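Enquirer: Reading the sequence shown from the start, the letters are residues 11 to 593 in the working numbering. Beta carbons: idealized from backbone N, C-alpha and C, even for Gly. Values in this document were obtained by computation on a predicted structure and should not be read as measured data.
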Amino acid sequence: MGADYPESSISKNADVENYGTVNECQIQKHLEGKPYGVQKVYLMKTLGNKWDRMLTIFGIVAIAWAKNWEGNVIATASSYITSAFNSMNLAALLNVVLYVLETVLLPFYAKFADMVGRTEAFVISIFFYVLSGVVQAVAPNMDTLVGGQVIYALGITGVSILGHVLIADITTAVNRGLFQAFYDLPAIVNIFVAPIVGKALVEAGAWRWSYSMICFCITVTSVPLLIGLFRLEKTIKKSHLLPPRRDEHSGKTFMEKARWYCTELDAIGSLLFVGALCMILLPLVLASTWGGWNTPRTIGCLVAGVVTFIIFCVYEKFFAVKSFIPMGNWNTLTPIAGVLCCAMVTIFHTSNWTYHSIYLQVTRRLDVDIATYIDMSYHAVFLISQVLSGYMMKHFKVYRPIVFAGIGLKMIGIGLMIPARFPTSPTAFVVITQVIAGFGAGWVYVPILVAVQSSVPVADIAIVTAMFQIGGTIATSVGSAIAGAVWNGMLPTELAKNVPGEYDLARLLGDITYINALPEDQHAGTVLSYGNVQRILSIVSLGLSVLSFVFFLGMRGFNLTEGEEEQENDVHNETTETDAHKS
């Protein structure tokens, strides 16, 4: 018999500070028919001690800071590290492979966390994360470093998605935005401090310490997270309310067991999804290496990826027993429209900012540190405005007006960037446009994430969060491809038109030292050319931003308390369907 809990219905406004309890009969109804990991999530939210959940969220934020810190430090030192092994030519390809691997792993971590549990998934990802730091810190050659990077992908992917998922699990829709914003806020320190540390390690010849930081930072910051999770697990165990895991394989042959696993994991759908992702992502990232967008390899890979994705959608809709992405369970277009809206915001952001730092160095004669700080001012304001958007969602209990204002502010910021790109415009004007655009972006990302998570059943929160992150990853690749096509296609023409005399075109396309040493008339022509192309990128970005409004219109407006109630109703509906099926 389970432990005795006060008999009261679950509080619709329960959050990390105020949570309700339910009687055993209600709990069993909620748990029936759910994957084992999702059952544990419900019990964590229903029975968990307030301070254990606060400790868990603190741990999530701490490990997010550590993840961002080591990433910024290593990024600063990366070129020196690869050159230390005489492998500069492998650096770009390695990044592409890891980029694709991390993207592909996102939905699998979501599926694993649903089937087994959030705690188990976190433990595995943290183990691989710390192990990767050890392997890379002691790597004697490039092959070992590559192996460590693959292990790194296994670790960081799990930590990246599970943080957002766990916050959604143990908070309500009303408070979720504020806690999701806090997840990223500590990174504001890393933006400015981590590059200084990375540069100091390189200058001291101690680059291995950049990888050693993974071991120390991730291990230390994971302690409060794991303590909180294990205490929540202990509460669940003591309640005796978690149904024992059923033995699905009793009396089954090996083939029957294999067939069961394939059904549970949607093996065919998973393979189609992974294949489509790889064939779409690789040409987006490697088109320039493959000879451009007109080569048979690039076109063939893209077409095959799109066709495979269409086949995946058809299979999931009509043939899958347990869908990899259960869109059939969703009674609204909000999750898909939200993912597409945020992806479009990412595309027009990436297309405008990819070459922004080099533009600042060339046209303003700024050194790399100052240019980086101006470039990062966007991200700093973005992180701060996320917290404000989370507070507004908590206070007003709506998300749609905030997203509308955010997209509008970002469009205004990018629109002002068009005149700001003229070489004669003040640098302060450039900074102001960065601040406006960053402020608007912060009002888009978190509210849409909360809307997407709040508009699906509880059992689908993990997979829809994975979709959200995958959409951002693909959008970043598309935006970079657009920026690269415009930059590489137009800049040589602009330079030929505006720069007099003889010059080295290859060095004029990115060698800051060479550009700054040019005669005044040639330098003025170069500055004009860079400004013209960057202005075109801002115009393209502003045009693309209209599409984000189109997708935004497909998102249903709802009071965030309604979203919580609908998720509860989904639980009751699914339980009723399960009972009907049994009878």
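Check for me: the alpha helix (DSSP H) holding Asn-498 runs from which residue to which?
Expert: That run of the alpha helix (DSSP H) goes 471 to 508.
Enquirer: Do the segment 537 to 550 and the segment 309 to 320 meet, that is, are 3 or more Cβ pairs less than 8 Å apart?
Expert: The segment 537 to 550 vs the segment 309 to 320: no contact.
Enquirer: Got a sec? Which residues, its chain only, sit under 7 Å from Ile-70 by beta carbon, not counting five neighbours each side?
Expert: If we look at Ile-70 and ignore the five residues flanking it on each side, its Cβ neighbours are Gly-173, Leu-176, Ile-177, Tyr-193 and Leu-235.
Enquirer: Measuring only the C-alpha atoms, how far is Tyr-162 from Phe-226?
Expert: Whole-angstrom Cα-Cα distance: 15 Å.
Enquirer: Using alpha carbons as the reference points, say which of Gly-127, Trp-217, Ser-333 and Trp-303 lies closest to Glu-243.
Expert: Comparing Cα-Cα distances from Glu-243 to each of Gly-127, Trp-217, Ser-333 and Trp-303, the minimum goes to Gly-127.
Enquirer: For Glu-213, which of helix, strand or coil comes out of DSSP?
Expert: Of the three classes helix, strand and coil, the one that applies to Glu-213 here is helix, per DSSP.
Enquirer: Could you have a look at Glu-466 and say whether DSSP puts it in helix, strand or coil?
Expert: First, the amino acid is wrong: residue 466 is Val here, not Glu. Val-466: coil per DSSP, three-state reduction.
Enquirer: Can you tell me the Cα-Cα spacing of Met-386 and Tyr-369, whole angstroms?
Expert: About 14 Å.
Enquirer: What is the residue span of the alpha helix (DSSP H) that Tyr-5 lies within?
Expert: Because the chain spans 11 through 593 in this model, residue 5 falls outside it and cannot be assessed.
Enquirer: Which term fits Ser-89, buried or exposed, when burial requires 16 or more other beta carbons within 10 angstroms of its beta carbon?
Expert: When all chains shown are included, Ser-89 counts as exposed.
Enquirer: Buried or exposed for Pro-205, please, with buried defined as at least 16 other CB atoms from any protein chain shown within 10 angstroms of its CB.
Expert: Pro-205 is buried by the Cβ-count criterion.
Enquirer: With a floor of 4 residues, list each alpha helix (DSSP H) that falls wholly inside the segment 508 to 583, ordered by position along the chain.
Expert: 515 to 518, 522 to 526 and 530 to 563, all fully within the segment 508 to 583.
Enquirer: With H, G and I counted as helix, E and B as strand and the rest as coil, what does DSSP make of Ser-435?
Expert: If DSSP states are grouped into helix, strand and coil, Ser-435 belongs with coil.
Enquirer: Tell me the DSSP secondary structure of Trp-300 in three-state form.
Expert: It is coil, neither helix nor strand.
Enquirer: Is DSSP giving Leu-251 helix, strand or coil here?
Expert: DSSP places Leu-251 in coil when its eight states are reduced to three.
Enquirer: Here's the rule I'm using: 16 or more other beta-carbon atoms within 10 Å means buried, otherwise exposed. How should Gly-553 be labelled?
Expert: Gly-553 is exposed by the Cβ-count criterion.
Enquirer: For Asp-179, does the three-state DSSP call read helix, strand or coil?
Expert: Asp-179: helix per DSSP, three-state reduction.
Enquirer: Out of curiosity, what's the CA-to-CA distance linking Ser-222 and Val-133?
Expert: When rounded, the distance between both Cα atoms is 19 Å.
Enquirer: Excluding sequence positions up to five away, which residues of its chain have a Cβ less than 6 Å from the Cβ of Leu-426?
Expert: The answer, listed in chain order, is Thr-443.
Enquirer: When the distance is taken between beta carbons, is Val-349 closer than 9 Å to Gly-481?
Expert: Against a cut-off of 9 Å, the Cβ pair of Val-349 and Gly-481 comes out as a contact.
Enquirer: So, Met-354 versus Ala-485, is the Cβ gap smaller than 9 Å?
Expert: Cβ atoms of Met-354 and Ala-485: closer than 9 Å.
Enquirer: Nearest-angstrom Cα distance between Ile-473 and Ala-120?
Expert: When rounded, the distance between both Cα atoms is 5 Å.
Enquirer: Taking 8 Å as the cut-off, is the C-beta of Gln-146 nearer than that to any heavy atom in the ligand PLP?
Expert: Judged by which ligands are present, the structure shown has none, so any question about the ligand PLP falls away.
Enquirer: Please report the straight-line C-alpha distance between Val-51 and Glu-130, rounded to a whole angstrom.
Expert: Rounded to the nearest angstrom, the two C-alpha atoms are 12 Å apart.
Enquirer: Let me know if Phe-189 comes out buried or exposed under the rule of 16 or more other beta-carbons within 10 Å of its beta-carbon.
Expert: Buried.
Enquirer: Since Ile-446 and Ile-428 should fall inside the 8 Å C-beta cutoff, what is the C-beta to C-beta distance between them, to a whole number of angstroms?
Expert: Wrong, their Cβ atoms sit about 13 Å apart, outside the cutoff.
Enquirer: In terms of alpha-carbon separation, which member of Pro-117, Gly-58, Trp-300 and Ala-191 lies closest to Pro-457?
Expert: If we check each option's Cα against that of Pro-457, Ala-191 comes out closest.
Enquirer: Select from Glu-42, Lys-420 and Ala-72 the residue whose C-alpha is nearest the C-alpha of Val-233.
Expert: Nearest option by C-alpha distance: Ala-72.
Enquirer: Rounded to the nearest angstrom, what separates Trp-217 and Phe-202 at their Cα positions?
Expert: So the alpha carbons of these two residues sit roughly 19 Å apart.
Enquirer: Consult DSSP for Pro-293 and reduce its assignment to one of helix, strand or coil.
Expert: Note: Pro-293 maps to helix in three-state DSSP.
Enquirer: Helix, strand or coil: how does DSSP classify Ile-446 here?
Expert: In this structure, Ile-446 counts as helix in the three-state DSSP scheme.
Enquirer: According to DSSP, is Asp-609 part of a helix, a strand, or is it coil?
Expert: Residue 609 lies beyond the residue range present for the chain, which begins at 11 and ends at 593; the question has no answer from this structure.
Enquirer: Given that a residue counts as buried once 16 or more other Cβ atoms are within 10 Å of its Cβ, and exposed if not, what is Thr-503?
Expert: Looking at its Cβ environment, which holds fewer than 16 other Cβ atoms inside 10 Å, Thr-503 is exposed.
Enquirer: Under 9 Å, do Ser-558 and Cys-351 count as touching if we go by C-beta distance?
Expert: In contact: Ser-558 and Cys-351 (Cβ atoms closer than 9 Å).
Enquirer: Does the segment 135 to 143 touch the segment 81 to 95, meaning 3 or more C-beta pairs lie closer than 8 Å?
Expert: Too few Cβ pairs lie closer than 8 Å, so no.
Enquirer: Specify the secondary structure class of Ala-94 as computed by DSSP and reduced to three states.
Expert: Of the three classes helix, strand and coil, the one that applies to Ala-94 here is helix, per DSSP.
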